Each structure stands twice: as C-alpha cells, then as structure tokens.
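Down below is the structure, laid out as structure tokens.
Numbering (the numbering used here), first residue to last: 502 to 592.
As structure tokens, this is what we get:
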C-alpha cells in the first residue's frame with residue numbers, strides 16, 4: 502500500500518493548490534491513500550517526521566518512507582515517480 506502524506510499550513514498558498522491537485526489525482530488512483538497534516542494543528546507530528554518547512558509531501562510504501570519533497574518542487578515529477586513505483590509493485 503502506498504500512502505502519501507502532505508504537510509501544510511493554512512497560511513501557505515502553494516499548500517492549498519497542492520492539496521487540491523493531489524487530492525484529485527489520488528481519487529483517480531487505486532491502492533493509494535492520501536492524508537493532509539496541518540503543521541499548525543499537529544506540530545509535534547510534523548517535527549517527529551522531520552518536516553520543518555511547507556509544503557512537504559512524504560510518500561510511504563508499507564509504512565516505510567520511500568521519498569519526500571519539501572519547499573519548491575515539481576508535483577508532476579513526484580506523481581510520475583509514484584506511478585512508476587505503483588506499476589512495479591503491481592507487476
């Protein structure tokens with residue numbers, strides 16, 4: 502199972518745009534879970550995962566981190582990487 506966790510803030514405009522685009526993409530996928538963590542509401546959870554800047558996205562497979570992006574990054578490149586991983590595990 503692939504899980505995508507986005508860390509964001511209500512004051513971060515890119516976070517909202519990413520949440521919208523990522524949420525729509527995940528709805529089209531099978532076998533991928535998505536969750537959003539507000540660093541304002543859950544600062545300890547973010548710090549525990551080593552997230553100190555937003556936006557940040559961490560991708561897990563079977564509970565183990567496989568990749569992360571933070572700050573300025575290409576969501577399209579990240580999603581292509583996730584699709585590649587998903588294709589390989591579905592084999």
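Using N, Cα and C, we set each Cβ at its ideal position, and we do this for glycine too.
Just so it is clear, the structure is predicted and the values come from calculations on it, not from any experiment.
Which residues in the same chain as residue i place their Cβ atom closer than 8 Å to its Cβ, once the five residues preceding and following it in sequence are excluded?
i	result
residue 520	507, 509 and 537
residue 549	none
residue 522	576
residue 563	502
Among the residues of its own chain, which have a CB less than 6 Å from the CB of residue i, if the five just before and after it don't count?
i	result
residue 515	556
residue 534	504
residue 561	504
Considering Cα atoms alone, identify which of the options is closest to residue i.
i	options	result
residue 554	511, 540, 591 and 502	540
residue 512	542, 588 and 587	542
Buried or exposed: which applies to residue i, given that a residue is buried once 16 or more other Cβ atoms fall within 10 Å of its Cβ?
i	result
residue 590	exposed
residue 518	exposed
residue 545	exposed
residue 547	buried
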